[in-house]
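*Asks:*
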Amino acid sequence: MNILVTGGAGYIGTHTCVALLQAGHQVVVLDNFSNSHPEALARVEQICQQRIPVYQGDVGDADLLEQIFTAHAFDGVIHFAGAKAVGESVEKPLYYYRNNVTASQTLFEAMQRFGVNTIVFSSSATVYGDPHAVPILEDFPTGPTNPYGRSKLMVEEIMQDHARADQTFNGIILRYFNPVGAHESGLIGEDPNGIPNNLMPFIAQVAVGKRAQLAVFGDDYPTKDGTGVRDYIHVCDLAEGHVKAIERLHGQAGCHVFNLGTGSGVSVLEMVAAYADASQRPVPYAIAPRRAGDVAQCYADASKAQQLLGWQAKRDLRDMVADSWHWQSGNPDGYRSSSDSE
Ligand code: NAD
Ligand code: UDP
204 MNILVTGGAG YIGTHTCVAL LQAGHQVVVL DNFSNSHPEA LARVEQICQQ
254 RIPVYQGDVG DADLLEQIFT AHAFDGVIHF AGAKAVGESV EKPLYYYRNN
304 VTASQTLFEA MQRFGVNTIV FSSSATVYGD PHAVPILEDF PTGPTNPYGR
354 SKLMVEEIMQ DHARADQTFN GIILRYFNPV GAHESGLIGE DPNGIPNNLM
404 PFIAQVAVGK RAQLAVFGDD YPTKDGTGVR DYIHVCDLAE GHVKAIERLH
454 GQAGCHVFNL GTGSGVSVLE MVAAYADASQ RPVPYAIAPR RAGDVAQCYA
504 DASKAQQLLG WQAKRDLRDM VADSWHWQSG NPDGYRSSSD SE
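First residue of the sequence shown? That's 204 in the working numbering, and the numbers climb one at a time after it.
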């Protein structure tokens, strides 16, 4: 298949481009590099030994989409492009709704004009808000608690409405749990700007000596050791989930929703211990107050993806931390490590 990958230079996008190319598909990337570096795509080309056509621009730019869809015959789209920081979304909700919701709508309109019916959309477990139970099933009530989560749910709802109105539309909604880790080559990985918001990249920067210690946000949750529990999933498993989803469901009209997680929960302190073990470096931490808006535990029931997509996460926590450390220790300043002028 020939697939347009929006946001293909980002963390999950690069790993998915590798998985798609290695499965024999072709990709074209559209990215505005607002949260990524062109070097990331050069690394994908290095891993796959293939050139990738890249368009630099905004997914909400209808004229650019016209140009891209005219130049290429796509079988489908995988839509990663969007902003993803919860705290920033509280400060800049209008930006989040434009960049995540309005831009997605513009993309759906371009797809409709060009008769491209299949799209895989990056949603998030955050649409479940504070779940009433774990593990979380796809039919649990939704109730995101911040503008980022609401932007994801709005796009899901647009896709559901569109699928009801247009019998040819094929929308695949993937709700990711917590993607971590990096490609086994150590050439691509997560490269956050500034201070990382997420646990794994923060721990990685403590282990490599860029930050003094981790603040553990709360040790009084009703969990196994009092710290927050999440469903961490290796980014390469997640990438392979996209390949399975588009291969299995391509052209099947309607909206299809899947959790992509491992189905098991890991606490903050378990993650700290695993990382210290893999890196053979100390990971100093201090208990801090709870972070506003955090839930105690969140992990998936991922059996629907197993049954209908034939997909299941294969990599365990040791693989996640070992691959994260391989990337982090080889690229302490992310993609900037390889471009000395920055
Ligand atoms: P990322 O920021 O690394 O990648 C997103 C990419 O999209 C970046 O390369 C960025 O430059 C690009 N982009 C952003 N807005 C754009 C626009 N308007 N036009 C063109 N390009 C644009 O993020 P990621 O972690 O790879 O996440 C990919 C998707 O998955 C996002 O939609 C995110 O919301 C979703 N998601 C991520 C996580 C996570 O923890 N990483 C969890 C659930 C869902
Ligand atoms: N966390 C933490 N310190 C940090 C970042 C995160 O203790 O510096 C905790 C957070 O409270 C949560 C878990 O790690 O329990 C995962 O947080 P992350 O932001 O990575 O994912 P999310 O909360 O969005 O699922």
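Yeah, the Cβ is synthetic: ideal placement off N, Cα and C, and Gly gets one too.
Measure the Cβ-Cβ separation of Leu463 and Ile436 and say whether it is below 8 Å.
*Replies:* Contact flag set, yes.
*Asks:* On the DSSP bridge assignment, give the partners of Thr321 in chain order.
*Replies:* For Thr321, which the question treats as bridged, DSSP gives the partners Asn373.
*Asks:* Across which residues does DSSP place His282 in a beta bridge pair?
*Replies:* BP columns for His282 point to Thr209 and Phe324.
*Asks:* What is the rounded straight-line gap between the Cα of Pro485 and the Cα of Leu520?
*Replies:* Cα to Cα, the separation comes out at about 18 Å.
*Asks:* Closer than 7 Å: is that where the CB of Arg367 sits relative to any heavy atom of the ligand SAH?
*Replies:* In terms of ligand content, the structure shown lacks the ligand SAH and carries the ligand NAD and the ligand UDP instead.
*Asks:* Can the beta-carbon of Gln370 be found less than 8 Å from the beta-carbon of Ala456?
*Replies:* Contact: yes.
*Asks:* How long is the line joining the alpha carbons of Leu207 and Asn238, rounded to whole angstroms?
*Replies:* Distance between the alpha carbons of Leu207 and Asn238 is about 19 Å.
*Asks:* Assign Glu545 to one of two classes, buried (16 or more other C-beta atoms within 10 Å of its C-beta) or exposed (fewer than that).
*Replies:* A caution first: Glu545 carries a pLDDT of 38, below 50, which makes its placement in the model unreliable, though a value can still be read off. Answer is exposed; the Cβ neighbour count stays below 16.
*Asks:* Count the other C-beta atoms from every protein chain shown that fall within 10 angstroms of the C-beta of His335, then say buried if there are 16 or more, exposed otherwise.
*Replies:* The residue is exposed, with fewer than 16 neighbouring Cβ atoms inside 10 Å.
*Asks:* Buried or exposed for Arg378, going by 16 or more other Cβ atoms inside 10 Å?
*Replies:* The residue is buried, with at least 16 neighbouring Cβ atoms inside 10 Å.
*Asks:* DSSP has Ser258 in a bridge; who is on the other side?
*Replies:* First, the amino acid is wrong: residue 258 is Tyr here, not Ser. Per DSSP, Leu233.
*Asks:* At a cut-off of 7 Å, would you count Tyr331 as near the ligand NAD, judging by its Cβ distance to the nearest heavy atom?
*Replies:* No - the ligand NAD has no heavy atom lying nearer than 7 Å to the Cβ of Tyr331.
*Asks:* Distance check for Val469 and Thr426, CA to CA, integer angstroms please.
*Replies:* The straight-line gap from Cα to Cα measures roughly 10 Å.
*Asks:* Which class does Val460 belong to by DSSP, given the choice of helix, strand or coil?
*Replies:* Residue state, collapsed to three classes: strand.
*Asks:* Suppose you measure from the CA of Gln531 to the CA of Ala476; what does that come to, to the nearest Å?
*Replies:* Between Gln531 and Ala476, the C-alpha separation is close to 17 Å.
*Asks:* Which class does Val419 belong to by DSSP, given the choice of helix, strand or coil?
*Replies:* Here Val419 sits in strand by DSSP.
*Asks:* Verify whether the separation of the beta carbon atoms of Thr209 and Leu224 is less than 8 Å.
*Replies:* Not closer than 8 Å, so no.
*Asks:* Could you tell me whether the Cβ atoms of Gln500 and Val337 are closer together than 8 Å?
*Replies:* Result yes, Cβ atoms of Gln500 and Val337 sit closer than 8 Å.
*Asks:* Leaving out five residues before and five after Glu248 in sequence, what residues of the same chain have Cβ atoms less than 7 Å from its Cβ?
*Replies:* These residues qualify, in order along the chain: Arg254 and Ile255.
*Asks:* In chain order, what residues of the same chain lie with their CB nearer than 8 Å to the CB of Val446, ignoring the 5 residues before and after it?
*Replies:* Within the same chain, Val446 has close Cβ partners Thr219, Ala222, Leu223, Ala226 and His228.
*Asks:* Can you grab the Cα-Cα spacing for the pair Leu340 / Tyr502, in whole Å?
*Replies:* Spanning the two alpha carbons is a distance of roughly 9 Å.
*Asks:* So, using beta-carbon positions, are Asp394 and Gly285 closer together than 8 Å?
*Replies:* Not closer than 8 Å, so no.
*Asks:* Does DSSP put Met523 in a helix, in a strand, or in coil?
*Replies:* Helix at Met523.
*Asks:* Between Lys287 and the ligand NAD, is the CB less than 7 Å from at least one heavy atom?
*Replies:* At least one heavy atom of the ligand NAD is nearer than 7 Å to the Cβ of Lys287, so yes.
*Asks:* Hey, is the stretch 486-494 in contact with the stretch 410-419, meaning 3+ C-beta pairs nearer than 8 Å?
*Replies:* Short answer: they touch.
*Asks:* If you reduce the DSSP assignment to three classes, tell me which class Gln515 lands in.
*Replies:* In this structure, Gln515 counts as coil in the three-state DSSP scheme.
*Asks:* With a floor of 4 residues, list each alpha helix (DSSP H) that falls wholly inside the stretch 388-460, ordered by position along the chain.
*Replies:* Correct list: 402-410 and 438-452.
*Asks:* Can you tell me whether Thr321 is buried or exposed, with buried defined as 16 or more other CB within 10 angstroms of its CB?
*Replies:* Flag for Thr321 reads buried.
*Asks:* Using a Cβ-Cβ cutoff of less than 6 Å, which residues in the same chain neighbour Asp543 once the five nearest sequence positions on both sides are dropped?
*Replies:* Note on Asp543: pLDDT 42, under 50, position unreliable in the model; the coordinate value appears next. Correct list: empty, nothing qualifies.
*Asks:* Asn534: buried (16+ other C-beta within 10 angstroms of its C-beta) or exposed?
*Replies:* So Asn534 ends up on the buried side.
*Asks:* For a test of your reading of the model: does the CB of Phe343 fall under 7 Å from any non-hydrogen atom of the ligand UDP? Yes or no.
*Replies:* Flag unset: Cβ of Phe343 not near the ligand UDP.
*Asks:* According to DSSP, is Tyr379 part of a helix, a strand, or is it coil?
*Replies:* It is a strand residue.
*Asks:* Among all the DSSP beta bridges, which residues are the ones paired with Ser470?
*Replies:* DSSP output for Ser470 lists Val432 as bridge partner(s).
*Asks:* Mind checking which residues open and close the alpha helix (DSSP H) that includes Ile490?
*Replies:* Unbroken run through Ile490 is the beta strand (DSSP E), Tyr488 to Ala491; no alpha helix (DSSP H).
*Asks:* If you pair each beta-carbon of the stretch 296-315 with each one of the stretch 345-361, do three or more pairs fall below 8 Å?
*Replies:* Touching, yes.
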